[in-house]
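Peer 1: One structure follows; several queries about it will come next.
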Amino acid sequence: MVRISSNAYVNGNVLVTSDASLKTNVEDITNARELIAALQPKSYEFIPQQHPHMQMPPGRQLGLMAPEVQEVLPELVERVPIPAEYDTTGTMVAEATSHLAINYNGFIPVLIAAVKEQQQTISEVTASVAQEASEMQDLRNLLEEQRTRIDHMEQLLAECCNRPAPDGLREGGINNVPELHDTEGDRKLRIQPNPFSESTTVFYMLERSGRSQLMANSADGKQLRVLQEANLESGSYQYEWNTADLAAGIYYVTLLLDGQPVVKKAVKVNR
């Protein structure tokens, strides 16, 4: 072992024996990131006045504490013997001792392995993010497709609301409502606005006097309520209908005269 008690300067390369033919028990370094994470870099100053014979450099230094490194990477720490020193008269001026020393070159393969592990993690995360982005785009496309379908359905429902329904009421023993042309149906029963959010106006016309009823039904034909019921003369009437207590959906309003259905209209309640 060559001991240098001071700084060393090399005008060239420092080569370390590394031929594979000279080695055995070769294994990959694993968990390198954990090893690096366990190390605690420090800044420090040597104490040259206590060990003047070692000629340690003055000023602030950067490095690691050998006992701490020994707990993580014991292969990189050695106890180095320091022989006794004598002056020219043969008098011992410094007793023999030993100190822990670190093989800093040994950190290079550990750092390389840590970088490779980190790069592998980055690649996996990048691939995962790309996969999630692709799945998110698929979901956006599906959502846009569903929105398009819903818009189309709403258009169809809005068109349906502007013409009389061909089916009769299924509650209260009434099975059929006369099929009327749009102009005739609108003349006898008209709902504006339609669709609407909370309230609308029902306009209706009686061609003769009698007992009139405005009846509201759900989309499946279930009778909800009688909106208005009275003995009226022939003529035009209107009813203000507040639907704040109804859920959004399709409903039907039927005009009856003396218990007989005259016309039925669909309405759409939005929220």
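Okay, so the sequence shown: first residue is 5 according to the numbering used here, each after it adds one.
All C-beta atoms in this analysis are idealised placements derived from N, C-alpha and C, irrespective of residue type, glycine included.
(1) Would you mind working out which of GLU89, PRO71, TYR90 sits nearest GLU82, comparing C-alpha positions?
(2) Identify the continuous alpha helix (DSSP H) that holds PRO85 and give its terminal residues.
(3) What are the uninterrupted segments assigned as alpha helix (DSSP H) that are 4 or more residues long and contained completely in the segment 28-74, given in chain order?
(4) Quick one: does the C-beta of GLN232 sit closer than 8 Å to a heavy atom of the ligand MG?
(5) What residue from SER240, THR125, LEU66, THR21 has the CA that sits closest to LEU259's CA?
(6) Are at least three pairs of beta-carbons, each pair with one atom in the segment 128-143 and one in the segment 50-59, less than 8 Å apart?
(7) State the start and end residues of the unbroken beta strand (DSSP E) segment that holds PRO265.
(8) Among TYR208, ALA42, LEU80, which residue has its Cα nearest to the Cα of ILE112?
(9) Does the segment 8-25 come close enough to the segment 88-95 that 3 or more CB-CB pairs lie under 8 Å?
(10) Keeping to the same chain, check which residues put their C-beta closer than 7 Å to that of ALA36; ignore five residues upstream and five downstream.
(11) Need the endpoints of the beta strand (DSSP E) that SER25 sits in, please.
(12) For SER193, which residues from the same chain have a beta carbon less than 6 Å from its beta carbon, with the 5 sequence-adjacent residues on both sides left out?
(13) Report the option in ASN221, LEU77, GLN59 whose CA atom is closest to the CA atom of VAL230.
(14) Keeping to the same chain, check which residues put their C-beta closer than 6 Å to that of VAL30; ignore five residues upstream and five downstream.
(15) Go ahead and label VAL129 buried or exposed: buried means 16 or more other beta carbons lie within 10 angstroms of its beta carbon, across all protein chains shown.
(16) Report, in whole angstroms, the separation of the C-beta atoms of GLN196 and THR205, which I expect to be a contact under 8 Å.
(17) Can you give me the C-alpha to C-alpha distance between ASN235 and ARG191, rounded to a whole angstrom?
(18) Mind checking who GLY214 pairs with in its DSSP beta bridge?
(19) Measuring alpha carbon to alpha carbon, tell me which of LYS27, ALA24, PRO61, MET69 ends up nearest LYS46.
(20) In whole angstroms, give me the CA-to-CA distance for ILE254 and VAL273.
(21) Would you call LEU261 buried or exposed, if buried means 16 or more other Cβ atoms sit within 10 Å of its Cβ?
(22) Assign ILE195 to one of three DSSP states: helix, strand, or coil.
(23) State the CB to CB distance for the pair LEU294 and VAL73, rounded to an integer number of angstroms; the pair is presumed to be in contact (CB under 8 Å).
Peer 2: Working from what's here:
(1) PRO71
(2) No alpha helix (DSSP H) contains PRO85, which is instead part of the beta strand (DSSP E) from 81-86.
(3) 36-42
(4) Absent from the structure shown: the ligand MG. Ligands present: none.
(5) SER240
(6) no
(7) 264-273
(8) LEU80
(9) no
(10) VAL114, ALA117, ALA118, GLU121
(11) Counting along the chain, SER25 falls outside any beta strand (DSSP E), and DSSP gives it neither H nor E.
(12) A small fix is needed here, since residue 193 is Leu in this sequence, not Ser. Excluding sequence neighbours, LEU193 sits near TYR208, LEU259, VAL267, LYS269.
(13) ASN221
(14) none
(15) exposed
(16) 6 Å
(17) 20 Å
(18) LEU236
(19) MET69
(20) 6 Å
(21) buried
(22) strand
(23) The requested residue 294 is not part of the displayed model; the chain covers only 5 to 275.
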